[in-house]
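**Q** This is the structure, below, for whatever I ask next.
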Amino acid sequence: MTTAKTETKTTAAPKTRAKKTGESTSGAEFSAFTLPKMDMPTMEVPAAVREIAEKGVEQFREAYDRMRSAAEESTDLIEDSYETSRQGMVELNLRALEAAKSNTDAAYSFMRDMFGVKTLSQAIELQTSYARKQFEALSGQTKDIQELAAKMASDAGEPVKDAVEKMFKDIKAA
Numbered sequence: 025m026t027t028a029k030t031e032t033k034t035t036a037a038p039k040t041r042a043k044k045t046g047e048s049t050s051g052a053e054f055s056a057f058t059l060p061k062m063d064m065p066t067m068e069v070p071a072a073v074r075e076i077a078e079k080g081v082e083q084f085r086e087a088y089d090r091m092r093s094a095a096e097e098s099t100d101l102i103e104d105s106y107e108t109s110r111q112g113m114v115e116l117n118l119r120a121l122e123a124a125k126s127n128t129d130a131a132y133s134f135m136r137d138m139f140g141v142k143t144l145s146q147a148i149e150l151q152t153s154y155a156r157k158q159f160e161a162l163s164g165q166t167k168d169i170q171e172l173a174a175k176m177a178s179d180a181g182e183p184v185k186d187a188v189e190k191m192f193k194d195i196k197a198a
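Positions in the sequence shown are counted from 1; adding 24 to them yields our numbering.
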């Protein structure tokens with residue numbers, strides 16, 4: 025009995041070298057794995073499709089321009105409102121400081137005068153006079169600050185009011 029030997033050819037596996045620590049892998053080692061170049065078929069785009077695409081792009085540009093313009097106007101509006109509010113607050117704070125200084129000066133003057141009284145009736149008369157003057161001063165200061173605060177609120181809201189009126193005019197015109 026003879027046995028037939030079948031020979032099989034085996035190909036040796038590609039040798040891989042061990043990567044040393046700190047050694048980088050370059051793209052040269054993988055150059056054998058390039059993809060074949062594939063040509064895309066040329067295709068004629070119908071004129072109607074091209075026209076629709078061009079109109080879509082143009083509409084997008086117009087919408088973008090309107091949106092950018094609206095954003096810029098809104099930014100300007102907010103900046104104007106903040107600046108007006110800032111100026112109003114500075115003026116309001118100055119008025120409050122002036123009122124505080126005036127009231128402090130009046131209290132100092134009253135105390136100085138109180139140290140100079142000789143009788144109880146002079147002290148009561150001086151106290152009554154001081155209380156009346158301070159009530160009138162505080163009433164005037166409060167009225168002044170309220171008017172300034174109302175003006176400040178009106179001025180700060182003016183740019184918003186103008187923008188809303190412009191928007192309604194634009195809507196009516198469209």
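Positions of the beta carbon are idealized from the N, C-alpha and C atoms, including for glycine.
From a predicted model like this one, the values you see are computed outputs, not experimental measurements.
#1: Less than 9 angstroms between the C-beta atoms of A187 and L101, yes or no?
#2: Around the C-beta of A180, are 16 or more other C-beta atoms found within 10 angstroms, so that it is buried, or is it exposed?
#3: Per DSSP, what kind of secondary structure is D140 in: helix, strand or coil?
#4: I need the straight-line Cα distance from E103 to V114, nearest angstrom please.
#5: Below 7 angstroms CB to CB, which residues in the same chain sit around A173 once its five sequence neighbours on both sides are set aside?
#6: What number of angstroms, rounded off, separates the C-alpha of K167 from the C-alpha of F159?
#7: Using 8 angstroms as the threshold, is the segment 131-146 in touch with the segment 70-90, meaning 3 or more CB pairs across them?
#8: Shortest alpha-carbon distance to A123 belongs to which of T66, L162, Y154?
#9: With DSSP as the reference, label P65 as helix, strand or coil.
#10: What is the DSSP secondary structure of T58, counted as helix, strand or coil?
#11: Closer than 6 angstroms by C-beta to S109: which residues in its own chain qualify, once you throw out the five before and the five after it? Chain order, please.
#12: Alpha carbon to alpha carbon, how far is I195 from A130? Give it in angstroms, no decimals.
#13: Can you tell me whether P183 is helix, strand or coil according to DSSP?
#14: Among the candidates S93, A94, L118, whose CA atom is the shortest distance from the CA of I169?
**A** In brief:
#1: yes
#2: buried
#3: One detail in the question is off: residue 140 reads as Gly in this sequence, not Asp. In the structure shown, G140 sits in coil (DSSP, three-state: anything other than H, G, I, E or B).
#4: 16 angstroms
#5: L116
#6: 12 angstroms
#7: no
#8: L162
#9: coil
#10: coil
#11: A180
#12: 58 angstroms
#13: helix
#14: L118
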